[in-house]
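Residue numbers (my numbering), protein chains in the order written: chain S, 2 to 163; chain V, 2 to 163.
Where a beta carbon is used, it is the ideal one built from N, C-alpha and C, also for glycine.
To start, the structure under review is shown below, and the notes come after it.
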DNA sequence: GTCAAATCATTACAAGCTAGAACGATTCTC
DNA sequence: GAGAATCGTTCTAGCTTGTAATGATTTGAC
């Protein structure tokens, strides 16, 4: 778990601003999610890669690196780890033998289903303070912020290793 | 700026869950805030320390480390940087000369006012998609989540260096 | 009243992670 | 067919961070 000094006591006055609360809760949510998938022996980056492969099977590592915003050299080690565990596999493209197209194995698909379960549990735990209507309201507000801020749906910068 | 692989394509179905949106937007907000205070030659940890000192002047470094959740050895370098720039000062406690009580200088207080301005601008930019009523709704929902999740008001784990 | 244990700040050290450049293999372009 | 470009990989250097040892000072026990 990551521990570091950070912004403290936001703009004094009417309590913390929305941006501070978003950063605080966002970091908390990411940390808790990392704990949960840690029970599946996965790190957040590994989970992100699994999901990206599932969303678009057959992509090259270069393309994935571009989408995920990570240097290609980092993907190599990540793919190695998942490959060794039999979750993804590299297939050489016969048409262009430079490329390694990535696919999920059946074990990878099975694990991804469990990740989805964990994600729902996580979501429910984070929003425990809110009823269904309030959760819908929150989701709508957040979606509008994410859209206006130009955030790529489904991608966000990573936090830390586990 | 930090770039790393992360969770992608959250629980398929009715779009991303709230927890994912929170993590995504939170990381984005933290990154943008880091950029803004970077214009003042400050990193997020430095800003956090300045605010913590302002909130409770005269604290020992040990006490601050405990509040901020950082190892004391890290605080030393942090305080050094701020001390060299004349923003905080260490005063030996005459009653217990082991302790270094920390205080803001007038320059530190002046800078803190500018940080507060930056914080307000930042908050406004992040919530640009929402009108005043919606911002109040969002703030209220977030505050309830933060409270229910047991988050210490004004403190959150740090992201990264600038 | 003195000596051992505890506390605080600091320094030294080691380990981990990351980004970027350099490197073979392969393919595209002219 | 030759040179430039692309892809995956490896290597390396830099940085950040946490833990452990150090020195000064205080507290508590006897």
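If you measure between the beta carbons of residue 115 of chain S and residue 104 of chain S, is that distance less than 8 Å? On the first chain, residue 115 of chain S is found 114 positions in, with the first residue counted as 1. On the first chain, residue 104 of chain S is found 103 positions in, with the first residue counted as 1. No, Cβ-Cβ distance for residue 115 of chain S and residue 104 of chain S is not below 8 Å.
> Hey, would you say residue 127 of chain V sits closer than 8 Å to residue 143 of chain S, going by beta carbons?
Replying inline: Indexing the second chain from 1 puts residue 127 of chain V at position 126. Indexing the first chain from 1 puts residue 143 of chain S at position 142. For residue 127 of chain V and residue 143 of chain S, no; Cβs fall outside 8 Å.
Report the residue ranges of all alpha helix (DSSP H) runs contained in full by the stretch 62 to 100 of chain V; include only those spanning at least 4 residues, in chain order.
-> Complete alpha helix (DSSP H) runs here, min 4: 62 to 69, 73 to 85.
Exercise. Helix, strand or coil for residue 103 of chain V per DSSP?
Worked result: Within the second chain, the letter at position 102 stands for residue 103 of chain V. DSSP places residue 103 of chain V in strand when its eight states are reduced to three.
For residue 67 of chain S, would you say it is in contact with chain V, using Cβ-to-Cβ distances shorter than 8 Å as the test? By one-based count along the first chain, residue 67 of chain S stands at place 66. For residue 67 of chain S, not one C-beta of chain V is nearer than 8 Å to its own C-beta.
| message | Does residue 156 of chain S come out as helix, strand or coil in the three-state DSSP assignment? | response | Working through the first chain from its first residue, we reach residue 156 of chain S at position 155. Residue state, collapsed to three classes: coil.
- Task: Measure from the alpha carbon of residue 33 of chain V to the alpha carbon of each residue in V:132, V:130, V:124, then state which is nearest.
- Result: Position 32 of the second chain, counted from the start, is the residue given in the question as residue 33 of chain V. With distances taken between CA atoms, residue 33 of chain V lies nearest to V:124 out of V:132, V:130, V:124.
| query | Are the beta-carbon atoms of residue 46 of chain V and residue 79 of chain V separated by less than 8 Å? | reply | As a position in the second chain, residue 46 of chain V is number 45, starting the count at 1. As a position in the second chain, residue 79 of chain V is number 78, starting the count at 1. Yes, these two residues count as a Cβ contact at 8 Å.
Fill in: Heavy atom of the ligand ZN within 7 Å of residue 118 of chain S beta-carbon
With respect to the ligand ZN, the structure shown offers nothing to examine, as it has no ligands at all.
Residue 31 of chain S versus residue 150 of chain V: straight-line alpha-carbon distance, rounded
Taking the first residue of the first chain as position 1, residue 31 of chain S is located at position 30. Taking the first residue of the second chain as position 1, residue 150 of chain V is located at position 149. Residue 31 of chain S and residue 150 of chain V: Cα-Cα distance of roughly 13 Å.
Exposed or buried, what is residue 95 of chain V when buried is set at 16 or more other beta-carbons lying within 10 Å of its beta-carbon? On the second chain, position 94 is the one that residue 95 of chain V refers to. Its Cβ having fewer than 16 others within 10 Å, residue 95 of chain V is exposed.
Using only CA atoms, which one of V:67, V:98, V:88 lies nearest to residue 109 of chain V? Reading the second chain from its first residue, position 108 is the one you call residue 109 of chain V. Among V:67, V:98, V:88, the Cα nearest to that of residue 109 of chain V belongs to V:88.
*residue 65 of chain V vs residue 112 of chain V beta-carbon contact at 8 Å*: The residue you call residue 65 of chain V lines up with position 64 of the second chain. The residue you call residue 112 of chain V lines up with position 111 of the second chain. Cβ atoms of residue 65 of chain V and residue 112 of chain V: not closer than 8 Å.
Next on the checklist: Give me, in chain order, the residues of the same chain whose beta-carbon lies closer than 7 Å to that of residue 90 of chain V; leave out the 5 immediate sequence neighbours on both sides.
Outcome noted: Residue 90 of chain V sits at position 89 when you count from the first residue of the second chain. Cβ neighbours of residue 90 of chain V beyond the five flanking positions: 84, 104, 106.
ask   = Can you tell me whether DSSP reads residue 44 of chain S as helix, strand or coil?
value = Stepping through the first chain from its first residue, residue 44 of chain S is reached at position 43. In the structure shown, residue 44 of chain S sits in coil (DSSP, three-state: anything other than H, G, I, E or B).
By how many angstroms is the C-alpha of residue 130 of chain V removed from the C-alpha of residue 138 of chain V? Along the second chain, read from residue 1 onward, the residue named residue 138 of chain V stands at position 137. Along the second chain, read from residue 1 onward, the residue named residue 130 of chain V stands at position 129. When rounded, the distance between both Cα atoms is 13 Å.
* Asked: Is any beta-carbon of chain S found at less than 8 Å from that of residue 110 of chain V?
  -> Taking the second chain and counting its residues from 1, one reaches residue 110 of chain V at position 109. It does not; no Cβ of chain S falls within 8 Å.
Task: Local conformation of residue 124 of chain S per DSSP, three classes - done: Locating residue 124 of chain S in the first chain gives position 123, counting from the first residue. If DSSP states are grouped into helix, strand and coil, residue 124 of chain S belongs with the helices.
| If you check the beta carbons only, do residue 29 of chain V and residue 152 of chain S fall under 8 Å apart? | Taking the first residue of the second chain as 1, we reach residue 29 of chain V at position 28. Taking the first residue of the first chain as 1, we reach residue 152 of chain S at position 151. Yes, they are a contact pair.
**Prompt:** When we look at the beta-carbon of residue 174 of chain V and count the other beta-carbons within 10 Å, is it buried (16 or more) or exposed?
**Reply:** Any property of residue 174 of chain V remains undetermined from this structure, which presents chain V solely from 2 to 163.
Problem set entry | Alpha-carbon to alpha-carbon, residue 62 of chain V and residue 1 of chain V | For chain V, the structure presents residues 2 to 163; residue 1 of chain V sits outside this window and is missing.
Nearest-angstrom Cα separation, counted from residue 37 of chain S out to residue 148 of chain S: Taking the first chain and counting its residues from 1, the one referred to as residue 148 of chain S is at position 147. Taking the first chain and counting its residues from 1, the one referred to as residue 37 of chain S is at position 36. Looking at the two C-alpha atoms, the distance is approximately 28 Å.
| message | Whole angstroms are fine: how far does the CA of residue 145 of chain V sit from the CA of residue 23 of chain S? | response | Within the first chain, the letter at position 22 stands for residue 23 of chain S. Within the second chain, the letter at position 144 stands for residue 145 of chain V. So the two alpha carbons sit approximately 12 Å from each other.
message: Please tell me whether residue 134 of chain S has its Cβ less than 8 Å away from any Cβ of chain V.
response: Position 133 of the first chain, counted from the start, is the residue given in the question as residue 134 of chain S. No, no contact with chain V.
Residue environment, residue 7 of chain V, which counts as buried when at least 16 other CB atoms sit within 10 Å: As a first step, residue 7 of chain V must be located in the second chain, where it is residue number 6. Annotation note: pLDDT 49 at residue 7 of chain V (below 50); position unreliable, coordinate value reported separately. It is buried - the Cβ of residue 7 of chain V has at least 16 other Cβ atoms within 10 Å.
Taking residue 60 of chain V as the reference, give the member of V:99, V:44, V:43 with the closest Cα. If you number the second chain from 1, residue 60 of chain V lands on position 59. Looking at the Cα atoms, V:99 is the closest of the given residues.
Judging by CA-CA distance, which residue of V:73, V:52, V:57 is the nearest neighbour of residue 17 of chain S? The residue labelled residue 17 of chain S in the question sits at position 16 within the first chain. Closest by alpha carbon: V:52.
Check your understanding: If you draw a straight line from the C-alpha of residue 71 of chain V to the C-alpha of residue 154 of chain V, how long is it?
Key -> Working through the second chain from its first residue, we reach residue 71 of chain V at position 70. Working through the second chain from its first residue, we reach residue 154 of chain V at position 153. Near 16 Å, if we compare the C-alpha coordinates of residue 154 of chain V and residue 71 of chain V.
>> Distance cutoff 8 Å, beta carbons only. Does residue 84 of chain S sit that close to anything in chain V?
In response: By 1-based counting over the first chain, the position of residue 84 of chain S is 83. With 8 Å as the cut-off, residue 84 of chain S does not count as an interface residue toward chain V.
- So is residue 157 of chain S in contact with chain V if we call contact Cβ pairs under 8 Å? Walking along the first chain from the start, residue 157 of chain S turns up at place 156. Yes - at least one Cβ of chain V is within 8 Å of the one on residue 157 of chain S.
- Message: Helix, strand or coil for residue 130 of chain S? Go by DSSP, reduced to three states.
- Response: Mapped onto the first chain, residue 130 of chain S falls at position 129. Correct three-state label for residue 130 of chain S: coil.
Applying a beta-carbon distance threshold of less than 8 Å, which residues of chain S neighbour residue 23 of chain V?
As a first step, residue 23 of chain V must be located in the second chain, where it is residue number 22. Those are 23, 26, 27, 30, 127, 143, listed as they occur along chain S.
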